[in-house]
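In terms of the working numbering, the sequence shown has 265 at position 200, counting the first letter as 1, and numbering is strictly consecutive.
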Amino acid sequence: MSGTPFMDQTSGVFLTDLQAFLDQDSGNGTEQDTNLALSRIPERVRGFSEQGEEEIYVKALEIIGTAFGQKKQWHSPLWEFFLDHASRNLGPSNDERNKQYLRIVGNLVADNDANREIATPSLKAIASCLESEKLRTTALAVLLNLCNDYEPAQAEAANIRLDATIANLLAAEKVPEEAIEHATDLLSWTTDKLSPDQMKDDMSVVVFENILTTALSHDEESYFDYLAIITHYLQDPEFQQKMTSPQLIEKMVDLVLDYESRLTPGEIGDSFQALRAKTNSATETPEDTTILFMVQLVNALSGVSSSDAFIGAFNLQSPLIDKLKSKLQAPYSPSAVCACVILGNLATSDNTTIAMAKDSELLEHLLGVLDEQDKPALLFAAAGLIRHLAFPEVNRTILGEAGFPEKMCVLISGQDPSVRGEAAAVLAKLVSNNEYNIKKISNCRKPDKAVSELHPDVVMLWFLVDEALRPSAPLPSSSMRNAGIEIGKVVVAILRWLRRSEQTEEIKEMTERMSYIPPVGRPVARLFRQRFYADARSEGLLGLGLLAQDSDGADVVVSEMKFDDGLLDAVKEFALEQRKDDKDAGRDFQNAIVMLHGLLKYPPTDMGAELKEKVEEVQKELSKLMV
Numbered sequence: 066m067s068g069t070p071f072m073d074q075t076s077g078v079f080l081t082d083l084q085a086f087l088d089q090d091s092g093n094g095t096e097q098d099t100n101l102a103l104s105r106i107p108e109r110v111r112g113f114s115e116q117g118e119e120e121i122y123v124k125a126l127e128i129i130g131t132a133f134g135q136k137k138q139w140h141s142p143l144w145e146f147f148l149d150h151a152s153r154n155l156g157p158s159n160d161e162r163n164k165q166y167l168r169i170v171g172n173l174v175a176d177n178d179a180n181r182e183i184a185t186p187s188l189k190a191i192a193s194c195l196e197s198e199k200l201r202t203t204a205l206a207v208l209l210n211l212c213n214d215y216e217p218a219q220a221e222a223a224n225i226r227l228d229a230t231i232a233n234l235l236a237a238e239k240v241p242e243e244a245i246e247h248a249t250d251l252l253s254w255t256t257d258k259l260s261p262d263q264m265k266d267d268m269s270v271v272v273f274e275n276i277l278t279t280a281l282s283h284d285e286e287s288y289f290d291y292l293a294i295i296t297h298y299l300q301d302p303e304f305q306q307k308m309t310s311p312q313l314i315e316k317m318v319d320l321v322l323d324y325e326s327r328l329t330p331g332e333i334g335d336s337f338q339a340l341r342a343k344t345n346s347a348t349e350t351p352e353d354t355t356i357l358f359m360v361q362l363v364n365a366l367s368g369v370s371s372s373d374a375f376i377g378a379f380n381l382q383s384p385l386i387d388k389l390k391s392k393l394q395a396p397y398s399p400s401a402v403c404a405c406v407i408l409g410n411l412a413t414s415d416n417t418t419i420a421m422a423k424d425s426e427l428l429e430h431l432l433g434v435l436d437e438q439d440k441p442a443l444l445f446a447a448a449g450l451i452r453h454l455a456f457p458e459v460n461r462t463i464l465g466e467a468g469f470p471e472k473m474c475v476l477i478s479g480q481d482p483s484v485r486g487e488a489a490a491v492l493a494k495l496v497s498n499n500e501y502n503i504k505k506i507s508n509c510r511k512p513d514k515a516v517s518e519l520h521p522d523v524v525m526l527w528f529l530v531d532e533a534l535r536p537s538a539p540l541p542s543s544s545m546r547n548a549g550i551e552i553g554k555v556v557v558a559i560l561r562w563l564r565r566s567e568q569t570e571e572i573k574e575m576t577e578r579m580s581y582i583p584p585v586g587r588p589v590a591r592l593f594r595q596r597f598y599a600d601a602r603s604e605g606l607l608g609l610g611l612l613a614q615d616s617d618g619a620d621v622v623v624s625e626m627k628f629d630d631g632l633l634d635a636v637k638e639f640a641l642e643q644r645k646d647d648k649d650a651g652r653d654f655q656n657a658i659v660m661l662h663g664l665l666k667y668p669p670t671d672m673g674a675e676l677k678e679k680v681e682e683v684q685k686e687l688s689k690l691m692v
């Protein structure tokens with residue numbers, strides 16, 4: 066280097082000297098000369114720009130950017146000017162300039178939080194360079210250096226919705242292969258910094274769909290990164306309800322099917338176990354990310370299908386529904402749970418539900434599903450669908466003839482409390498005002514697969530009464546059905562039908578046989594005695610009244626009063642409470658009177674004077690209130 070450092074040279078000599086100077090490990094000559102040279106570099110470079118010497122200016126920036134990347138010793142004396150200069154000048158200018166600005170910023174902010182703080186306000190300008198195909202790879206690298214382990218920059222990226230820009234580029238396959246990992250990391254960091262409101266806005270729905278598109282068509286290396294972002298969105302129930310586009314929902318289904326196709330048989334089994342309802346799901350989250358993703362996808366798709374938009378967009382003839390119905394065949398995968406839930410959600414009208422019940426192939430598949438005793442999550446979902454199918458009365462005989470009452474008995478004999486409760490709820494619906502199913506449960510022996518200590522030849526009803534009294538594990542959720550409660554409803558529904566039917570010899574025999582089942586009145590009494598379900602309590606009182614309409618039934622009720630010495634007082638208390646709330650003596654009050662009247666009309670021989678006197682006192686007290 067000759068003459069005054071970086072002052073008198075021609076442009077060509079300046080570039081040569083600049084290259085040589087920055088290639089040194091330290092400046093030549095004295096420290097004073099080195100500092101003087103360093104102080105003049107910014108001035109000369111700026112001068113080239115102002116004088117329109119574009120080629121020299123860009124080349125000088127290239128040399129300086131390279132030096133910043135190779136030798137950190139030049140950061141300290143030069144960073145202040147060039148970081149500010151590059152950050153300020155980024156924008157809609159030519160690509161050659163912007164490329165060098167990006168290189169300078171990228172090299173100066175790498176692992177340097179002080180420089181990142183200065184560059185963060187320019188993040189939007191840096192991101193604007195993503196629009197240029199020539200700059201895209203460099204811009205992504207700079208953004209990565211700026212945001213890596215630096216939350217203020219990540220927050221700014223979320224503020225300008227960098228995720229939307231990157232997701233759009235990925236979906237359009239406009240990110241170079243070598244930059245996909247950078248793009249994916251930036252997408253993940255930005256998504257994590259989105260506010261709750263941002264997560265639910267319309268832009269996020271577009272971002273989500275673009276990520277779905279990318280996940281279904283992109284390289285294996287980033288697949289799980291995209292999946293993590295997708296499941297992050299899907300954990301928000303409000304976001305699920307914004308998935309209204311049929312195209313978006315179809316992509317979601319495709320992703321679920323694609324993902325589960327990658328699982329090993331062991332992972333599929335683990336996924337079914339993880340989907341099983343648990344008493345404390347917060348502390349029983351799968352540790353294996355592979356299983357966790359499967360659970361989150363299944364639960365989210367099930368949630369999405371409950372929206373009005375989904376129900377309005379799809380019907381039984383939709384190709385998507387056919388695709389899901391095909392999953393109800395062995396070997397079963399986690400999407401079979403989705404299929405059951407989605408079909409249940411579609412069963413919103415009698416016409417749809419009746420059409421499902423007439424689909425013999427669907428019923429055959431469901432019967433097969435119910436044999437999967439080692440998959441409680443699938444059993445629970447399938448039983449829930451069948452309960453939906455049993456709502457229209459016209460379907461109940463069809464389901465009974467197909468063999469679903471027997472299948473429900475087998476499920477009730479299992480150990481999972483949620484499955485037992487749902488299966489019992491199906492039976493309660495099947496026997497409601499349905500002669501065929503009532504006679505089947507009252508007269509036909511329990512299925513061999515229904516594990517029980519009872520004699521193999523007992524009828525299903527006897528078996529059900531025994532199951533209602535069997536100790537059960539606690540339900541994972543209060544919204545789930547209790548097997549004992551639902552079996553109590555089965556008994557009441559049968560009693561209601563028997564009492565309303567013409568009293569033929571067959572009906573009389575059925576009623577008599579029912580009273581001989583020990584202890585047939587206990588599920589009914591427990592239905593009344595529980596206080597959690599108000600409607601069920603009223604149904605239990607109705608059942609006690611129905612039992613007491615003949616001598617055999619009255620004997621059953623008295624047996625329960627002897628077993629539970631607080632039962633009569635509870636009836637009195639409940640009736641008085643209802644009378645207080647209803648001056649016209651409502652249904653519950655009247656049912657209590659009916660029960661007491663029956664006990665006194667058909668007093669069992671072993672009733673005992675004390676109990677009879679107490680019944681008379683309660684009847685007298687309640688009767689006064691009817692005047």
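For every residue, glycine included, the Cβ atom is placed at its ideal position computed from N, Cα and C.
These numbers were taken from a predicted model, which means no experiment stands behind them.
DSSP bridge partner residues for residue i (one or two, in chain order)
i	result
Arg510	Val524
The ligand GDP heavy atom lying under 6 Å from the CB of residue i
i	result
Lys265	Within the structure as shown, the ligand GDP is missing, as the structure has no ligands at all.
Burial state of residue i, where buried means 16 or more other Cβ atoms lie within 10 Å
i	result
Val402	buried
Asp649	Only weak support is given to the placement of Asp649: the predicted model assigns it a pLDDT of 45, under 50, and the question is left unresolved by the model.
Leu188	buried
Met672	buried
Tyr324	buried
Val272	buried
Gln382	exposed
Asn498	exposed
Gln361	buried
Glu532	buried
Asn210	buried
Glu567	exposed
Pro302	exposed
Candidates the options: closest to residue i by CA position
i	options	result
Leu393	Pro384, Ile386, Ser383 and Ala404	Ala404
Lys554	Arg461, Pro241 and Val585	Val585
Glu286	Ile245, Arg561, Thr203 and Leu357	Ile245
Gln595	Ser566, Val636 and Phe358	Val636
Glu625	Gln643, Leu641 and Pro583	Pro583
Gln684	Lys666, Ile658 and Ala674	Ile658
Tyr581	Phe147, Val524 and Ile276	Val524
Ser616	His453, Gly631 and Thr576	Thr576
Asp439	Ala489, Glu315 and Phe337	Phe337
Asp600	Arg652, Phe456 and Tyr501	Arg652
Alpha-carbon to alpha-carbon, residue j and residue i
i	j	result
Ser398	Lys388	13 Å
Ser478	Arg546	15 Å
Arg485	Pro470	13 Å
His247	Arg201	11 Å
Asp160	Leu366	44 Å
Glu221	Thr256	12 Å
Ala280	Gln263	22 Å
Gly68	His150	Bear in mind that the predicted position of Gly68 carries a pLDDT of just 48, short of 50, making it unreliable; the figure below should be weighed with that in mind. Near 27 Å, if we compare the C-alpha coordinates of His150 and Gly68.
Asp424	Gly409	14 Å
Ser197	Asp267	26 Å
Phe639	Leu431	42 Å
Ala237	Ile295	18 Å
Gly715	Glu332	Summary: the structure shown does not reach residue 715, with the chain confined to residues 66 through 692, and so no result is reported for it.
Phe375	Leu411	9 Å
Met66	Arg105	Unreliable positioning characterises Met66 in this predicted model, as indicated by a pLDDT of 47, which lies under 50. The coordinate reading is nonetheless provided below. Computed Cα separation, rounded: 14 Å.
Met579	His520	17 Å
Arg602	Leu612	15 Å
Lys514	Val475	6 Å
Met473	Ala342	18 Å
Ile183	Leu148	8 Å
Glu678	Arg535	33 Å
Phe113	Phe358	56 Å
For a minimum of 4 consecutive residues, which ranges assigned as the alpha helix (DSSP H) are wholly contained in the segment 351-378?
354-369 and 373-378
Uninterrupted alpha helix (DSSP H) stretches inside the segment 177-206 (no shorter than 4 residues):
178-184 and 188-193
Inside the segment 430-463 only - alpha helix (DSSP H) runs reaching at least 4 residues
441-454
Quick check for students: name the residue ranges of the alpha helix (DSSP H) that lie wholly in the segment 558-627, counting only runs of 4 or more.
570-580, 586-594 and 599-612
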